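A.B. asks: Counting in this note's numbering, the sequence shown runs from 200 upward without gaps.
Think of the CB as a built atom: it goes at the ideal place given N, C-alpha and C, for glycine as much as any other residue.
Here the structure is a predicted model, which is why all the values come from computation and not from measurement.
Just passing along the structure, written as structure tokens.
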Amino acid sequence: MNKPLCALVIALAALSGCSTESRVYRDQPLVAKVETGMSKDQVQQIGGQPQSISDRTVVPGTCFDYKLVKAGQKQSYNVSFDGKGKVDHKSFMTCAEWSHVQQKAREPSHTVGTGGGGY
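Put into structure tokens, the structure is as follows:
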């Protein structure tokens, strides 16, 4: 799979089902204030101690799992950090789900009858 298509698959998977959550939880500090490039300490100052911290399995780095709560509803939310400890992704899914999306995006495409154009 070429890189632009891979990036598109990851973006679409990360965004699927997020429009409702982003509206409901947009005022939550983790959603509203955490930005790409922030450090782990900055994220914890905003969101507190995560429920769990895990090493990323597809791309080197770390991932924080949080549970957002509003009006009795709970929603998974993750903040993912690159190998330098800087935020490079956040989404309304668990770290395990985000890892699965990344893994799927890296798997070779097994489409039949593409003609093997080689480009």
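1. Which term fits S308, buried or exposed, when burial requires 16 or more other beta carbons within 10 angstroms of its beta carbon?
2. Between V257 and the rest of its own chain, which residues show a CB-CB distance below 7 Å, the 5 nearest in sequence each way excluded?
3. In the DSSP assignment, find the beta strand (DSSP E) that holds K239 and state where it starts and stops.
4. Going straight from the alpha carbon of Y265 to that of D226, what length do you get?
5. Taking the alpha carbon of Q241 as the reference point, which residue from Q250, V268, P228 and G282 has its own alpha carbon closest?
6. Rounding to the nearest angstrom, what Cα-Cα distance links R222 and A231 in this structure?
7. By a C-beta neighbour count over all protein chains shown, 10 Å radius and 16 as the cutoff for buried, is G246 buried or exposed?
8. Residues in its own chain within less than 8 Å of I252 by CB, not counting five upstream and five downstream?
C.D. replies: Reading off the structure:
1. exposed
2. S298, Q301, Q302 and R305
3. That residue, K239, is in no beta strand (DSSP E); its alpha helix (DSSP H) goes K239 to G246.
4. 15 Å
5. P228
6. 11 Å
7. buried
8. T261, C262, F263 and D264
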